[in-house]
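Participant: Right, I'll just put the structure down here and ask away after.
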Amino acid sequence: MRFQLLGQLQVTVDDVPVPLGPPKQQILLAVLLLGRTRLVSTERINDALWDSVPPATARAQVHSYVAALRNLLRDAGGDRGMLRSGPSGYLLDTAPGSVDLDVFDDRVRCARQLLADGRPDEAGTLLREAMGLWRGPALVGLQTRFARTAAADLDQRRLAGAELLVDAYLAARREAEIIPELAELVAAQPLHEGLRHRLMLALHRAGRSAESLQAYREWWRLANDELGIEPGTKLRELEGIILRGEQPQPMPREVATPVPRFQLPADVPAFVGRDREKREVLRLLRANRDHPAVILVTGPAGSGKTALAVHLGWSAREHYPDGQLYLDLRRPRGAAVPAAEALGTLLRGLGLPGATIPAEEGERRAVFRSVLGDRRVLIVLDDAVSAAQVRPLLPPHPGCAVLVTSRSAATGLDGIRLRLAPLTGDEALELLANSAGAQRVAEDRRSAYRIVRRCGYLPLAVRIAGARLAGNPNRRLADLAEALRDQRRRLDELAVPDLAVRAALASTDQLLSDPARRAYHLLGALLPGHDVAGWVVAALLDTTPRQAERVVDELVEVHLLTPVRRPGDEARYRLHDLVRIYGREQALLRQPDSERQAAAERLRDAYLDLAQRADKALGGGFLGRALRATPAWSLPESLVRRLVADPVAWFEAERQPLNTVVIRAAAAGAARTSACLATAAATFYEIRNYFDDWRSGHERALAAAEATGDAPAAMAMLRNLGELHTIQDRYDVAVDCFAVALRYAERLGIPEYEAAASSGLGYVYRLTGRYEEALACFTRARELCRRTGNPHGEAYATHGIGIVYLDQRQWEQARREFAACLTHSRTAGYLAGEAQALRCLGLAHRNEGRLVSAERYFRRAHAVSVRLGDRLIEMYALQWLADVRIRRGEPDEGAELLHRCLKVFREYGQRFGEASALRSLASAAIATGDVGQARHHLTQARRIWEQIGSPYWLDDTLAALAGLDRLAPAPAGSRHTGSSGPSGDGPDDEG
């Protein structure tokens, strides 16, 4: 079986072509053949098969093409293991001499050696055989970006072989024989200076000097007209020789045996960290391989890529006795070093005299491959711009290895990839100690840790901090830590004369396209959270999500954005602290205030639209008509629907950014937007018990509303804060909030908020034992909800009325209200109301001694609470389920459930729930005869009831303590009053 790349892609068996299937399957075969005998990454295959972003089904399609290709090769007589799967790609293991490209390269390499040894006739014969392998342009008929790039590379090899053939004929003084072919080559490549030089030389030697000068004048005209350039030195010198009637000197022979060169920069003393990466790479560098080793080290500026590559080079030095070369692939101002120039530098590094190095890139590549031969050489290519820049510099021979560093991901480059993250805290401390002194760091480890943390554990930043301390032995670590605390000064502090974090970040910044640079700067200035979704860039740039995706890809490519991996979630990205600080600096320097403000407003609007849509999809609120605003900017409808399809998941991912946007909007004076954002998040905060976020955002929005005189916004914030204070047992503050919100609603004529504030007051009044006022508030709220068509609010108020009856032991009236609440909640799809109604129906049955039906209600309430995702409501249902277990003679099982509840109540700071669980634990202890433990639980509960001001439960607990005294006297000094025994009955939680 033979594989043919030099022309139309073919596989032949006994010279009979094998059908290769559809074009993409042929592309797959081509990419595997070009990477033969080594693993070709899935990423490289995707890049070859699809010119743009691979489809979502790319993985399945690749598997399908591989399976079909494997069957094709097997049916054609190939070995079963010829096409193998690897951990991250595929390998095509071809037999030696079965690929025409290998045969071509081998013959060209041998011919070059023969020519260097002064045997041009033999070289010419071998080159004729090599050129005879070509059947036309490489990969003709395959129309993808990969195919065009690969074909261009192969055609360059063909051209280099043709040039070498001409050189062989010229060295053998057989000019007349080669002139017709050489003229055809020049006609096909009229501006190729090397071919033109050879044609002029051949014509002059053949006695056709006039034609030689005509060829020179033709090149001059074409180059001047089309490119506006003048002839190079070699052409001008040859023209002078011809005009003087002289003969040029014989062509110098190539040096066949280069002198080894050792160019690696000095190794880093006491290298710190990267142990896993070092083990992986050194194992590969020191192993016997059947392919060259290619290791790509990527990461953000300052992450220590060059230091690691050089350290690895030194560590593996003895395995590459024929040379270790080092080449910086970027010019001082950031421009990429061209491949031809890089090849020339490498060839000189391998010991070739400049006079023997060809001018054309294709020739240099051929010489590079030939000179390396079977030698063992390690090459460090530092700061590569792209995979395209690196590919011409990769040696083809298995004894060689290449370490590439790049700020970009260099997509499409095959090999082992190492992406450097910041150091760990301990590694960063060790690096700082190496520079500043171990004793100095040990004496003030706390300040040292603050220094490396404020350096973001980035090796470059830590090294600079260490250098600054080393340069000033009298400076305290605490002083540097304090200086780094100020983000505005941090980059100023992280600089020494020949090294600066700012300069490293600037070198990456200047590589960006204009949209990517603008996005980076705006993210630095306006990043709302530790990580963000890609759609944020669309809002900042006022562009489409598709265009924003390209910008994000570019920022990820150069490691300014780091993907945050969360399985199943929308892709999210993070900026390193120092990267963000530099971006913010540049935004303040380069972008007008108006542009930054407009971007901030679009970002607020995008969050507002998404939050309001997610809140609506959540469906857990009972306000009816909550405070809303229409955003001036929003994402496309299809994207919005996808993002909020799971509203809880969206709120969870955006919780911290959303709260930041609320606070920033308030600070910017956008009170209404801030209040609407806070309102949209309130239901989520309640069901997930994120009370700190709830309070911080609402209080800032309230302050902004009061400062700007926005009464509706202030009303909404006060009502929601009243709810929060109720949940957190701050009843006096809650009453104040609800009362002011109610006055606002009455004055503004907003019945929805009148109802909501009235219900809130009703719950606080009920918890503090003011039952008549509570009943009046709930009744008023229910009537308002009925008038405004708000079934959620009606269910909420009905549940409150039932709780008042339950506290007053009016079981039948309570059950009637809870049943109505359950009906309203289920009709409206109001899960919170359904869970509350089921739980309270269970309480009513429990208090009437109907424990079997009570347990059934509590179980159903617990199931609905789990669906709702509200941990507190879930625990209240579980608490009363435990209480029933205790009453049914299962105190140990009940106590186990109660301890689970107690842990959650304490975790969320829910004092009412904590005291209620303690009260039930006392019942479990009494049931097991442990009076001391029961008294301990009741005493703890009593203190909480006193602190939060809940008279009903305080009286109940005091009565229970008195009942214990009749069983066993209380220790001296204990304080309680009351004489009735524990009834086990009591009100529900605050709802």
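If you're matching positions, the sequence shown starts at 88 in the working numbering and goes up one per residue.
Every residue gets a Cβ at the ideal spot worked out from N, C-alpha and C, and that includes glycine.
#1: When the Cα atoms are used, what is the spatial distance from Val346 to Ser457?
#2: Report back the beta-carbon spacing between Leu862 and Ile888 to the nearest angstrom; my notes put them in contact at under 8 Å.
#3: Alpha carbon to alpha carbon, how far is Asp618 from Asp733? Give it in angstroms, no decimals.
#4: Determine the DSSP secondary structure at Thr143, reduced to helix, strand or coil.
#5: Can you tell me where the alpha helix (DSSP H) with Arg937 in it begins and where it stops?
#6: Between which two residues does the alpha helix (DSSP H) holding Gly449 run?
#7: Can you say whether Lys1084 is buried or exposed, counting buried as having 16 or more other CB atoms within 10 angstroms of its CB?
#8: Just verifying my parser: in three-state terms, what is the DSSP assignment at Val472?
#9: Using the C-alpha atoms, what's the distance from Ala475 back to Arg417?
#10: What does the Cβ neighbour count give for Gly920, buried or exposed, with the cut at 16 atoms within 10 Å?
#11: Skipping 5 residues on each side, what residues in its chain have a beta carbon closer than 8 Å to that of Ile973?
#12: With a Cβ-Cβ cutoff of 8 Å, do Pro408 and Arg463 count as a contact?
#13: Are there 16 or more other CB atoms within 10 angstroms of the CB of Ala686, so buried, or fewer, so exposed?
#14: Distance, Cα to Cα, Asn934 vs Arg954?
#15: Going by alpha carbons, who is nearest to Asp979 out of Glu1001, Ala423 and Asp1017?
#16: Would you kindly report the start and end of the unbroken alpha helix (DSSP H) that includes Ala790?
#17: Among residues of its own chain, excluding the 5 on either side of Leu984, which ones have a beta-carbon nearer than 8 Å to its beta-carbon?
#18: Using DSSP with H/G/I as helix, E/B as strand and the rest coil, what is Arg974?
#19: Got a sec, what are the start and stop residues for the beta strand (DSSP E) Thr385 sits in?
#20: On the CB-based measure, 16 or more other CB atoms within 10 Å of its CB, does Arg340 come out buried or exposed?
#21: Using only the alpha-carbon positions, how far apart do Glu580 and Arg550 sit?
#22: Cα-Cα, which of Arg637, Tyr694, Arg576 and Pro744 is closest to Tyr669?
#23: Pro207 lies in the alpha helix (DSSP H); which residues open and close that run?
#24: Work out the CA separation of Arg373 and Thr212 for me, nearest whole Å.
#25: In angstroms with no decimal places, state the Cα-to-Cα distance between Gly332 and Arg292.
#26: Out of Gly936, Pro878 and Leu854, which one is the CA nearest neighbour of Gly916?
#27: Can you check whether the CB of Asp692 is closer than 8 Å to the CB of Val721?
#28: With a Cβ-Cβ cutoff of 8 Å, do Gly108 and Leu159 count as a contact?
#29: So what's Ile503 in DSSP terms, helix, strand or just coil?
#30: Under the three-state reduction of DSSP, which class applies to Gln897: helix, strand or coil?
#31: May I ask which residues mark the beginning and end of the alpha helix (DSSP H) holding Arg759?
#32: Please return the same chain residues whose Cβ sits closer than 6 Å to the Cβ of Leu805, not counting the five positions on each side in sequence.
#33: Please report how far the alpha carbon of Glu193 lies from the alpha carbon of Ala225, in whole angstroms.
#34: Give the straight-line distance between the Cα atoms of Val342 and Phe455, rounded to the nearest whole angstrom.
#35: Return the Cβ separation of Gly596 and Gln673 in integer angstroms, given the expectation that the two are a contact with Cβ distance under 8 Å.
#36: Glu657 to Leu730, Cα distance in whole Å?
Facilitator: Well, looking at it:
#1: Per-residue confidence for Val346 stands at a pLDDT of 49, beneath the threshold of 50, marking its modelled position as unreliable; the derived number appears in the next sentence. In a straight line, the C-alpha of Val346 is about 14 Å away from that of Ser457.
#2: 6 Å
#3: Each residue's alpha carbon lies about 19 Å from the other.
#4: Checking the displayed sequence, the identity of residue 143 turns out to be Ala instead of Thr. Here Ala143 sits in coil by DSSP.
#5: Unbroken run through Arg937: none, as it is neither H nor E.
#6: Its alpha helix (DSSP H) spans residues Glu448 to Leu459.
#7: Here the chain covers residues 88 to 1078 and nothing more, so residue 1084 does not appear.
#8: coil
#9: 14 Å
#10: By the neighbour-count rule (16 or more Cβ atoms within 10 Å), Gly920 is buried.
#11: Gly981, Ala982, Ser1007, Ser1010, Ala1011 and Ala1014
#12: yes
#13: Label assigned to Ala686: buried.
#14: 27 Å
#15: Considering only alpha carbons, the answer is Asp1017.
#16: Phe778 to Thr795
#17: Scanning its chain for C-beta atoms nearer than 8 Å, with the 5 sequence neighbours on each side dropped, one finds around Leu984 the residues Leu965, Gln966, Leu968, Ala969 and Arg972, in chain order.
#18: Secondary structure of Arg974 (DSSP, three-state): helix.
#19: Ala380 to Thr385
#20: Note that Arg340 scores a pLDDT of 46, beneath 50, so its modelled location is shaky; the value from the coordinates is reported in the next line. Classification for Arg340: exposed.
#21: Cα-Cα distance, rounded: 12 Å.
#22: Checked all of Arg637, Tyr694, Arg576 and Pro744; the closest Cα to Tyr669 is Arg576.
#23: Pro207 to Met218
#24: 39 Å
#25: 11 Å
#26: Pro878
#27: The residue asked about is misnamed: residue 721 is Ser in this sequence, not Val. Their beta carbons are under 8 Å apart, which means Ser721 touches Asp692 by this criterion.
#28: yes
#29: strand
#30: coil
#31: Ala758 to Arg775
#32: Cys824, Val827 and Ala828
#33: Inspection of the sequence shows that residue 193 is occupied by Asp rather than by Glu. Roughly 18 Å separates the two Cα atoms.
#34: Low confidence applies to Val342: its pLDDT is 41, below 50, so where it sits in the model is not reliable, and the reading given next is rough at best. A direct Cα-to-Cα measurement between Val342 and Phe455 gives close to 12 Å.
#35: In the sequence on display, residue 596 carries Asp and not Gly. Under the criterion of beta carbons closer than 8 Å, Asp596 and Gln673 qualify as touching, at roughly 7 Å.
#36: 8 Å
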